[in-house]
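Below you'll find the structure, written out as structure tokens, and then a few comments.
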Amino acid sequence: MTGPKRILIACGTGIATSTVVAKAIEEALKERGIDVITRQCKAAEVRSLVDQADLIVTTTPLPNNLGVPVIHTLAFLTGIGKEDAIEQIVKALQKKK
Amino acid sequence: MSNAIAQLLEPKSVFLNICAENTVDIITKLGNELYKSGYVKESFVDAAIAREQKMPTGLPLAGDNNAAIPHTDIEHVIKPGLAMATLQNTVNFQNMAEPEKSVPVRLVFLLALDQPKAQIEMLQEIATVLQSPEIVSNLLKAKDYNEVIDALAGGNC
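Chains A and W supply the protein sequences, listed in that same order.
Quick note on numbering: the numbering used here labels position 72 of the first sequence as 72, and the sequence is numbered without any gaps.
All you need for the numbering used here is the position in the second sequence, starting with 1, plus 1000.
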């Protein structure tokens, strides 16, 4: 039985943009009936938290080869491409079983 | 509608139609105001400038204008606060998601946040502002603090 998916949300300091992005993702996915657990962190902490995440969404560049799908987007801040970003997240979560 | 930004934004922390040469200049101007008002420690300005170089906060928005949201780690903050500037000229910030790209900015929010998740309402309101080209445009036209508050409320007269 699969539990809620875990999304790691990264930004520069782990307090500002990741807060907005985490809330926006939780609400968007709830509307689609998808339960997720989000966790915010700084970009520098991502590598150490990667094994606790099914997906990473970030507003800031991250190293490659983290072993977990990464979605880079500003859409939850600027509104540009928000629907696309949500679709990408849904698809990425569906792939991970 | 509650106005978390208006509650945190003091009139003296609002700088309208000012000139700034670059990111260091504008962050220093706004940061010094927050330091004088007791929101941040002396280390805040340098930390915010350094962070901006490594992890820039320029945001390209829909519409004609762009914004930046410089901020830094909580250890430099005494209590949560916000300073805002609208610029006469554009200042180039680098793009948050693609730091090699420049974003010409005329609206800057300097954030002093002291806890993860604590100022969520204020942050969500800022995101709402950024997502509305009309509000951004009204902010850039504002001539005084009251017009700023009006613009943030959605420009209802």
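The beta-carbon is built from N, C-alpha and C at its ideal position, and this holds for glycine as well.
The beta strand (DSSP E) spanning residue i covers which residue range?
i      : result
A:K5   : 5-11
A:L174 : In the structure as shown, chain A starts at 1 and stops at 97, and residue 174 of chain A therefore has no counterpart that could be examined.
Secondary structure at residue i, three-state DSSP: helix, strand or coil?
i       : result
W:R1051 : helix
W:P1070 : coil
A:I111  : Absent from the structure is residue 111 of chain A, since the part of chain A shown begins at 1 and ends at 97.
A:A24   : helix
A:A85   : helix
W:A1118 : coil
W:L1110 : strand
W:D1150 : helix
W:N1022 : coil
How many angstroms separate the CA atom of residue i from the CA atom of residue j?
i       : j       : result
W:I1027 : W:N1138 : 22 Å
W:P1080 : W:V1091 : 25 Å
W:P1104 : A:Q94   : 38 Å
W:L1107 : W:C1019 : 12 Å
W:M1055 : W:L1111 : 15 Å
A:I15   : W:Q1115 : 7 Å
W:A1151 : A:G3    : 43 Å
W:N1003 : A:T73   : 27 Å
A:A92   : A:E83   : 14 Å
A:R32   : W:Q1131 : 22 Å
A:P61   : A:A43   : 8 Å
W:G1031 : W:D1144 : 20 Å
Could you tell me the boundaries of the alpha helix (DSSP H) in which residue i lies?
i       : result
A:G81   : Taken as a continuous stretch (DSSP letters only), A:G81 belongs to no alpha helix (DSSP H), as it is neither H nor E.
W:I1135 : 1133-1141
W:L1008 : 1004-1008
A:R47   : 46-49
Would you list the residues sitting across from residue i in a DSSP beta bridge?
i       : result
W:V1014 : W:M1084
W:G1058 : W:A1068, W:N1095
W:P1104 : W:N1092
A:R39   : A:L8
W:V1040 : W:V1077
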